[in-house]
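For the sequence shown, UniProt numbering gives the first residue as 1, with consecutive numbering after it. Backbone N, C-alpha and C define an ideal beta-carbon position, used for all residues, glycine too.
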Amino acid sequence: MEHDSMDDEQQADPAAMLALMQDQRRRTAHWVNRNYAVMLITWAAAWIVGFGAIWSAADGGGNPWFRIPTTPAWIVFGTVLIAGIVVSAVAGIRSGVGVRGPSRLAGAMYGWAWSLSMFGAGLLIGAVQRTGADAAVMAVLSPAIFVLLVGVLYLAGGALWRSPVQYALGIVMIATAIVASYAGTPTNYLVYATVGPLAMLIVATLMLRGVIPAEGSR
């Protein structure tokens with residue numbers, strides 16, 4: 001009888017370990033999904049508010065319903081952009097909490113990649129403006145650089161986490177930058193304020209509902 005009891009315990013232990021590992025994996029996947037969804041929702045809100053403000057600016061805007069002073073419009077755009085950068089960095093770093101090894105380092109590096117890339121893009125645009133580039137050209141080029149960079153970051157995230165959804169979102173962002181640029185100002189701001197955020201919110205909702213994962217199978 002004692003021998004049978006020991007056999008049952010030995011058989012139960014591997015099953016219990018497997019169940020524990022699967023539960024931990026589900027918890028980690030949920031944590032990553034939630035952090036990535038937060039990042040998407042944050043950027044969607046930033047694009048709606050920021051590009052919406054520029055589209056509604058008194059100078060160069062195209063909003064037929066109301067206009068806001070130009071300087072405050074650009075201040076709003078810069079503020080929400082900085083907020084998006086900060087939240088992206090924090091979300092990327094937090095995605096590695098509780099995860100050890102290369103995955104944790106990858107999450108932290110990916111989070112900082114957003115901050116460094118956006119900061120670098122801002123400096124690059126500033127350098128171009130110093131050359132005396134035409135205002136009409138900058139109105140098309142400046143947002144296109146940021147959105148194109150966002151698309152590339154999503155492509156990188158999709159490759160890093162083996163996530164076709166993130167990769168597809170990157171393609172949508174790049175396509176949005178191209179379409180908006182060809183539309184010209186001020187229509188490009190409206191495209192950025194609607195198409196991009198809609199795609200992000202759809203993906204974020206599906207992630208929070210557990211329909212699609214942030215990470216693909218490894």
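Straight across, the Cα-Cα distance linking Leu160 with Gly78 is about 29 Å.
Taking one beta carbon from each stretch, the segment 155–171 and the segment 107–116 have 3 or more pairs nearer than 8 Å; the two touch. Judged by pairs of C-beta atoms under 8 Å, the segment 48–67 touches the segment 191–204, as three or more such pairs exist. Val86 is classed as exposed because its beta carbon has fewer than 16 other beta carbons within 10 Å across all chains shown.
By the criterion of a C-beta distance shorter than 8 Å, Arg67 is surrounded in its chain by Ser56, Ala57, Ala58 and Gly61, once the five residues flanking it on both sides are discounted.
In the DSSP assignment, Val211 falls outside any alpha helix (DSSP H), carrying neither H nor E. Per DSSP, Ala144 is one residue of the alpha helix (DSSP H) stretching across Ala135 to Leu160. DSSP, reduced to helix, strand and coil, places Ala58 outside both helices and strands of the structure shown, so it counts as coil. The closest CA to that of Ser117, considering only Val76, Leu105, Leu148 and Thr70, is found on Leu148. In terms of Cβ geometry, Gly184 and Trp47 do not form a close pair [threshold 8 Å]. Per the C-alpha coordinates, the member of Tyr167, Val90 and Ser181 positioned closest to Ala139 is Ser181. From the listed residues Ile178, Tyr154 and Val179, the smallest Cα separation to Leu169 is found for Tyr154. Burial is judged here by how many other beta carbons sit within 10 angstroms of a residue's own beta carbon; Ala199 has at least 16 and is buried. Nearest to Ser88 by alpha-carbon distance, out of Ala144, Gly157 and Ala177, is Gly157. A residue is called buried once 16 or more other Cβ atoms fall within 10 Å of its Cβ, and Gly210, having fewer, is exposed. Under the 10 Å beta carbon count, Gln129 is surrounded by fewer than 16 other beta carbons and is classified as exposed.
The alpha carbon of Ser115 has as its nearest neighbour, out of Ile212, Tyr167, Ala83 and Thr70, the alpha carbon of Ala83. Around Ala204, the same chain offers Ala37, Leu40 and Ile41 as residues with beta carbons nearer than 6 Å, after the five sequence neighbours per side are excluded.
A straight-line Cα-Cα distance of about 25 Å links Leu123 and Thr187. For Thr176, the enclosing alpha helix (DSSP H) begins and ends at Pro164 to Ala183.
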